[in-house]
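Novice: In full-length UniProt numbering, the protein residues as written are 1 to 127.
1. Beta-carbon separation of residue 85 and residue 109 under 9 Å?
2. For residue 93, which of 114, 77, 75 has the nearest alpha-carbon?
3. In angstroms, rounded to a whole number, what distance separates the CA positions of residue 61 and residue 80?
4. Alpha carbon to alpha carbon, how far is residue 14 from residue 35?
5. If you measure from the beta carbon of residue 68 to each beta carbon in chain D, is any gap under 9 Å?
6. Since residue 82 and residue 120 are thought to touch, with beta carbons under 8 Å apart, how far apart are those beta carbons, to the nearest angstrom?
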């Protein structure tokens, strides 16, 4: 009877030890799985941040390119307007000079007008 009691106690102790070992192994596995999940979440967050930064940089570059294109178009329009008005003024001035007996005064006026137009053109381009 005494021996049977000791064997039962030993078996119960062994079962308790096995249960404790299984619980410890399960806890260790859960902790490792949580570490892996946390690492995966951190990697996903880093990738999302990098993608957002790249998108912001691309948007800024596109905006800068659009602004440069608009400035180039405005400068080209200014050059075209100044060139066409200069050509028109020259043609009209040549006609007036040829019709007028005071053509020397008109030549001087034309020269001053052209200087004024080129000054406007240069200030527009500098802008």
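Each residue gets a CB set at the ideal place from its N, CA and C atoms; glycine is no exception.
Specialist: Per the coordinate set shown:
1. no
2. 114
3. 28 Å
4. 31 Å
5. Chain labels in this structure do not include chain D; a single protein chain is all it has.
6. 7 Å
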